[in-house]
Amino acid sequence: MVVKFGLLGSLVVHDGTELRPVTGPKVRVLLAALLLQANRTVSRDALKEALWGASVPASADAALANHLTRLRRVLAAADGGSDERLRTVAPGYQLTVHEGEFDADVFEAGVRAVRQAHQREDWEAVRREADLAMPLWRGTPLADLAPYSETEKPALRIHRLAEARLQALEWSFDAELHLGRHQEAVASLTTLAGEHPLREGFHRSLMLALHRSGRQAEAFSVFQRLRRNLVEELGTEPGAAVREAYAEVLAGDPAPAPRPRPAPPRPPFQLPGEADAFTGRETEVATVRALLGVPPEADGPGAGGTSGGALPGDSRVRAVVVSGMGGVGKTALAVHVAHRVREAFPDGALYADLRGYCAGGARTAHELLARFLSDLGVQQDALPEDTDDRALLFRSALAERRVLLVLDNARNAAHVAPLLPAGGPSAALITSRQLLADLPGSAKVPLSPLPESDQHALLAKLAGAERVGSEPEALAAIMAACGGLPLALHIVGGRLASRPSWPLALLAKRLTPHRGRLDTLAMGDFDVRRTFAMSYVAMRDSDQPLEREAARAFRLLGRVWSPHAVTPQSAAALLDVTEARAAAVLDVLADAHLVLNPEPDRYRLHDLLGEYAAQRDDEDTEAERTAALLRLLSWYAAALAAATRAATRETQSPPPLRGDAVKHLSLPEFADDDEAIRWTAKELPAVRDALTRAGELGRSDIAWRLAVGLFGHASTHWWTGEWDACLEQAMKIARRHDDRLGQAWLHRRTAVAHGMAFRNEACLEHLRIALELFTERADLSAQASILGNMSAVYLQSGDPRQALVHAARSSDLYRATRNTKGEALLLSRIADVHKMLGDQDLAAADYRRVIELIRGTGHGVFLATALTNYGDVLRALGDRDEAFEVLAEALSIRLRMNDQGGTADCLVYTARAHHHFGEWEAARETWESCLELARRHNLEKRIDECLEGLKALASRVREGSTGAPVSGRPGSGSRS
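Here the numbering used here is used: the first residue of the sequence shown is 1273, the next is one more, and so on.
In structure tokens, the structure reads:
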């Protein structure tokens, strides 16, 4: 919404749709006083003087505050609810008025344009500019605000405005006479001469207009009346200009022939030629057209031809910014759209490459304004020297024209702002590698790399559909290497077209990442590396410290962590800065499209940008890069430890890393186990890479913590085998470096991995080794936990007596170390033992206590396991309804957490319950659902149980029996 303030007549506020009432004389005076000092601070004393003059009452402060509150309501209503228009700025208040919103400012700018046109004797321009300015004058300024308008400062401004109007009128009639419009000017000049009997300019023009219309006698009368008034009122004779006009009348010279009107110049059309192979971008093209106020093409997006006028209601914006990384096709899109909307801008299309990232320096607004004004017919010798004055003249020239400006390759908002139209029917289409988020009144259209279908179509256009379709594997490799970047695809397509004998496989080989790919992606003026360099070097050599920091971050990301996303927290560790500073640095890179920001707080390098950044290895030392990598690896170890604590509520965590690399780390915080597990799943590829990098650096202490830190994720994703592989890799590193603490923890967690997968013998073997290693270290807490795990494995193996023995030993050690964290876990194992021994009432009581202890703690995995086992006990006790209710809650937790193994556990127990209660069809459906899930994720034990359950079910149905349920063991596993 654009708010217009008017004081050229009575004071008005217009919101662009209708007038907004400003009631109360004091509020109106207050607004006028602020408008006359728009965008400047007006002191409280000055406002009180405007309201009350010299008689300021004692209650003035309170009354002023009340009037300001009422004024703010008026402004907020006109501004669509925004309350930012009137600000408190010591020692008073400041009213913000944007360009084009205040009629007095617009009028004075128009008068300046009239003067400039008069100076260069461009008479058509004089008339045109005067015709634009004069309708703004509704009457005497502030006519309704006497006596305030009669005080010194307002009166001076009113006088200046009135004099500007009269002078512009004189220049306008001067132009009328030069254009031979004598008769048309007589009536208006007669009125003005009567209203201003001492103003020589109007009388001179009226004399000439009458004389040249064949009315010499009337012309003599005008001179005589003016001379008499001047002598009587001022005691002076008419000036030289009037005397020259009188001499022309006396001589009876015929009226000079009107100057022939020059043929209207052809509107400038400067758009570059459009590439034949423009492909895709249908959504973006339609968006830009709509923002420019141009309706869709009749043949649909991307069709040829041109379109009609603007959309009804004139929905355009002043500027549309198409942004994206270098080579993503910004210019191609802008030129493509500009060609198709040219009929909507009949007064021309201006184009300029602003060279915002050119090594030779960007083009300045000063020089471009000169060129644009010249293109629109302004003489060079009439151009102001000041850039701001040129911008005003340019906006005035565009005010009644429908011109499309295509401003290509802008560096930043300040670079392009002076070149934009100030409202009116013109519009600008801007391309930039920056988002230009700080460009007022603009709409943003960011471009991403092309999707695969458009990549294929573009290569087919450039190299031939049959050829690119003949080698699908090589084509897929080429497209992956180009990363969806149109510049890279054009280079590849051009190479293929110019080398018809080349197989696609040859080019695919040359495009292998980090093996000369960027060298291959260069052809003539098309060069991916050079395109990237423009963005990077501009940032590296910037005079802004934050941009230089961003350039360093870009290098480190490419060299140290190119394939993976970072967050402000992980980037803070990499860069050795605070989280807030890292976020600011990443946002600078994202705004420059040097990193992608696919989701909130996650940033990653485009594949090609990552390779370019990795090649900047001569700008940081190897020691700096290694230190950065160690900080990042240490951050991952600490973050994984936090995730596992949230996901498992483990009874004992590994000792944290020590040293400078882990000081002041900003770590993620997790509301519950689900959030922690999902975070780890997202970071898993980075964790695997971190594990390898830690091994290469010889940092076994980091490597084993990374592997052990996946415990929380494995509680729901053990069946993928990812954790087993990481544990095995870390164990090799720990043994290579004789890291006894690392081996102890790795044996302990490897045992858990085997227990989750029901590999009971392997689980016990690793637990025994871990118990021995932690006994060497006299770590009683670890021993207590391991003995508890052994209890769980014995139970899982069907040996409840040994399970009870080891549970008792574990309980003794927990009490010795005063560790209360293991209470719920140990109680659940005792409940498991009672269940296996057939003591269902004791088991039910124990499970209820476990559920009570852990409900609400955020440990969904543990809760779901306890609910599953409790549901099975309720089945055995014959409590059907509560059994299914409890099992349904457990299943909902597993599904919410995407826990495939746990879901299979719940389905097994639910199928058994249906079988137990003789619900054959429900049992069959549940067994089949579980079997499908188990086969999809290769859960061998569950596959066997499902097949056994279906077989038993078929037998029961044939016999018509409702006998005992299919036997099975608890699914709790060894997970602490």
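Just so you know, even glycine gets a beta-carbon here, dropped at the ideal spot from N, CA and C.
Other residues of its chain near residue i: CB distance less than 6 Å, five sequence neighbours each side excluded
i, result
"Q2015", "A2006"
"P1413", "L1279, L1280, I1430 and L1433"
"Q1366", "T1313 and R1359"
"S1421", "L1414"
"V2158", "L2139, Y2142 and G2143"
"P1775", "none"
Exposure label - residue i; buried when at least 16 CB within 10 Å
i, result
"P1772", "exposed"
"K1602", "buried"
"P1419", "exposed"
"H1878", "buried"
"N2210", "exposed"
"G1882", "buried"
"Q1652", "exposed"
"H1936", "exposed"
"E1821", "buried"
Cβ neighbours of residue i in the same chain (closer than 7 Å, five flanking residues each side left out)
i, result
"G1931", "none"
"V1294", "L1283, V1285, R1300, L1303 and V1346"
"V1600", "L1719, P1721, L1757 and P1758"
"R1965", "L1901 and L1905"
"L2265", "The chain is shown only over 1273 to 2248; residue 2265 falls outside these bounds and no answer can be derived."
"T1916", "E1922, G1981, F1983 and G1984"
"A2206", "A2176, R2214, I2215 and C2218"
Limits of the beta strand (DSSP E) - the one that residue i falls within
i, result
"Q1366", "G1364 to L1367"
"S1595", "A1591 to S1595"
"Y1420", "Here Y1420 belongs to no beta strand (DSSP E), and DSSP marks it neither H nor E."
"A1549", "Taken as a continuous stretch (DSSP letters only), A1549 belongs to no beta strand (DSSP E), as it is neither H nor E."
"R1874", "R1874 to R1876"
"Y1629", "Per DSSP, Y1629 belongs to no beta strand (DSSP E) and is neither H nor E."
"F1277", "K1276 to G1278"
"T1360", "L1358 to V1361"
"N1681", "L1676 to A1682"
Residue j beta carbon less than 8 Å from that of residue i
i, j, result
"A1616", "L1626", "no"
"A1405", "V1383", "yes"
"E1803", "L1759", "It should be pointed out that residue 1803 corresponds to Thr in this sequence rather than to Glu. Contact: yes."
"D1375", "F1277", "yes"
"A1843", "L1866", "no"
"L1901", "V1832", "yes"
"L1708", "A1685", "yes"
"F1826", "L1880", "no"
"G1364", "S1327", "no"
"R1977", "P1940", "no"
Rounded straight-line distance, which links the Cα of residue j to that of residue i
i, j, result
"S1906", "N2170", "28 Å"
"W1324", "R1344", "20 Å"
"V1619", "V1650", "Residue identity check: residue 1619 is Asp in the sequence provided, not Val. The straight-line gap from Cα to Cα measures roughly 15 Å."
"V1521", "K1425", "43 Å"
"Q1388", "S1704", "34 Å"
"G1552", "R1453", "55 Å"
"N1501", "A1332", "49 Å"
"A1436", "S1493", "28 Å"
"T1559", "S1714", "13 Å"
"G1733", "F1550", "Correcting the residue type first, residue 1733 is Lys in the shown sequence and not Gly. Their backbone Cα atoms lie some 9 Å apart in a straight line."
"D1317", "A1330", "13 Å"
"G2011", "A1914", "A small correction: the amino acid at residue 2011 is Asp; Gly does not occupy that position in the sequence shown. Approximately 23 Å between the Cα atoms of the pair."
"E1657", "A1962", "60 Å"
"A1642", "P1957", "55 Å"
"A1735", "H1762", "10 Å"
"W2192", "R1971", "57 Å"
Run of the alpha helix (DSSP H) containing residue i, from where it starts to where it stops
i, result
"D1660", "T1659 to L1670"
"P1957", "D1945 to E1968"
"A1986", "F1983 to H1989"
"N2032", "N2032 to E2048"
"Y1808", "V1800 to R1812"
Close beta carbons around residue i, own chain, < 8 Å, minus the five adjacent residues each side
i, result
"H2078", "L2059, G2060, M2062, S2063 and Y2066"
"L1583", "For L1583, the pLDDT reaches just 38, beneath the cut-off of 50, and the residue's location in the model is therefore unreliable, although a value from the coordinates is still provided. Taken in chain order, the residues that qualify are A1562, G1565, V1566 and P1567."
"V1398", "V1386, A1389, H1390, W1443, S1444, D1446 and A1447"
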